[in-house]
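Offset between the sequence shown (1-based) and the numbering used here: plus 4.
Note that the Cβ used here is the ideal one computed from N, Cα and C, for glycine as well.
Beneath this line is the structure, given in structure tokens, with notes to follow.
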Amino acid sequence: MARIQSIGWFWVLLLLVGFSACDMEQEIEVQLPVLPPELVVECYLEEGKPIRLALSETSGYFEGAQPVVVNNATVTITKNNSLVIPLRFSVEVDNKNEKVTNYQSRHVINSQPGDVYTLTITDPKGRKLTGFTTVLPPAPLDSVGYKFNDKPTESQEAYLFIRWQDDPTRENYYRLLAHKNDSTGVESEMDAEINDRLRNGEKITYTTTYRFERGDTLNIKLFHIDKAYYEFISSVEDARRSNGNPFAQPVSIKPTVTGGFGVFTHLNYASKELIIK
5 MARIQSIGWF
15 WVLLLLVGFS
25 ACDMEQEIEV
35 QLPVLPPELV
45 VECYLEEGKP
55 IRLALSETSG
65 YFEGAQPVVV
75 NNATVTITKN
85 NSLVIPLRFS
95 VEVDNKNEKV
105 TNYQSRHVIN
115 SQPGDVYTLT
125 ITDPKGRKLT
135 GFTTVLPPAP
145 LDSVGYKFND
155 KPTESQEAYL
165 FIRWQDDPTR
175 ENYYRLLAHK
185 NDSTGVESEM
195 DAEINDRLRN
205 GEKITYTTTY
215 RFERGDTLNI
225 KLFHIDKAYY
235 EFISSVEDAR
245 RSNGNPFAQP
255 VSIKPTVTGG
265 FGVFTHLNYA
275 SKELIIK
């Protein structure tokens, strides 16, 4: 009888613990720190093109995704510590590449490997952002090609291969992009960051998976980039992959500038068109 009574008390105690656990649930309100807004810049210098720059500032996590445009800054780009190029505030929309810039200059970039461009931005709030980029020699595309798989002709797909010679005298970083001619500038079929850590001085071959079809016309670009831009785009990709993943470590995007966030770099690339037949 005592045994039966002890078992009964056990279940009563278990139920009481369960009910008390339900009462222990409570909402926790996390107080996010209020940080002062910082400048955010995006500027790519390309040979033969005028200068376009986007300038905004950071905002709070819950304040929406629309950028806060900064329209009263003083923006200059200096070439080789001698030629000062001022940029004026003017909003322009690039529909093809889905970009909006708000500082412009008609000055067309014309440079040689080794030239250095320095960006300086100040605003009435006393904020200052700086950055610099050195022009690199273009990486020559030795060859581009494709090969089909062994499936029936009507369902065949091809992979791409791209080859180029690495310069053994320096540490090199590359970015490979491929776009279809009927796509926008942001819809890339291939986007890869590559370094020569294990292939210094060798002929590098990069291959894709089988995903291209007959009739595809591709514009392939091989960018020779510096380490700062390589780390920037790599950190952006890492952040994109970890976004929404509760098990991923938080990723900090590495800017190429100081005094704020964003990127300022010169883009030097070689390009080839490839038609898959």
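In the DSSP secondary-structure assignment, Ile237 is not bridged to any residue.
For the region 187-214, the continuous beta strand (DSSP E) assignments of 3+ residues that do not extend past its boundaries occur at 192-199, 207-211, in sequence order. Secondary structure of Glu42 (DSSP, three-state): coil. Under DSSP, the beta-bridge partners assigned to Glu61 are Leu43, Val72. As a beta-bridge residue in DSSP terms, Pro54 pairs with Val112. Excluding residues up to 5 positions away in sequence, Tyr177, Arg179 lie with their Cβ nearer than 6 Å to the Cβ of Ile229 in the same chain. Beta-carbon to beta-carbon, Ile166 and Leu123 are separated by about 31 Å, too far to satisfy the 8 Å threshold.
Membership of Phe93 in the beta strand (DSSP E) is indicated by the continuous run 87-98. When C-alpha distances from Val255 are compared across Lys281, Phe265, Thr262, Val240, the shortest belongs to Val240.
Closest by C-alpha distance to Lys83, out of Asn223, Tyr233, Gln116, is Gln116.
Shown here for Ala77: same chain residues with a beta carbon closer than 7 Å to its own, the five before and five after excluded, namely Leu59, Ile125, Thr126, Asp127 in chain order.
Taking C-beta separations shorter than 7 Å and ignoring five residues to either side along the sequence, the partners of Asn204 in its chain run Asp170, Pro172, following chain order. In this structure, DSSP gives Thr78 an extended state, which the three-state scheme calls strand.
Judged by DSSP secondary structure, Asn223 falls within the beta strand (DSSP E) whose first and last residues are 221-229.
Under the Cβ criterion (8 Å, minimum of three pairs), the region 252-272 counts as touching the region 38-52. Contact between the region 210-218 and the region 152-162 is present: 3 or more CB-CB pairs across the two stretches fall below 8 Å. In the structure shown, Asp242 adopts helical secondary structure according to DSSP, grouped into three states. Per DSSP, the continuous beta strand (DSSP E) segment holding Glu277 begins and ends at 265-279. For Ser147, the three-state secondary structure derived from DSSP is strand. DSSP places Leu140 in no beta strand (DSSP E); its state is neither H nor E. Only residues of its own chain outside the window of five on either side were considered, and among them Pro54, Ile55, Ile81, Ile89, Pro90, Leu91, Arg92 have a CB closer than 8 Å to the CB of Ser109, listed in chain order. Here Val79 is buried, its C-beta having at least 16 other C-beta atoms within 10 Å.
By a beta-carbon distance limit of 8 Å, Tyr214 does not contact Tyr273. Their separation comes to about 26 Å. With fewer than 16 other Cβ atoms inside 10 Å of its own Cβ, Gly52 counts as exposed. Each residue's CA atom was taken as its position, placing Thr62 and Val73 some 10 Å apart. Look at Thr173 here: in three-state DSSP terms it is coil, with no helix or strand label.
At a Cβ-Cβ threshold of 9 Å, Asn185 and Asn247 do not count as neighbours. The beta carbon of Asn153 is closer than 7 Å to those of Gln160, Glu161, Tyr214 in its chain, skipping five residues each way along the sequence. Inter-residue distance for Ala143 and Glu96 is about 31 Å (C-alpha atoms, whole angstroms).
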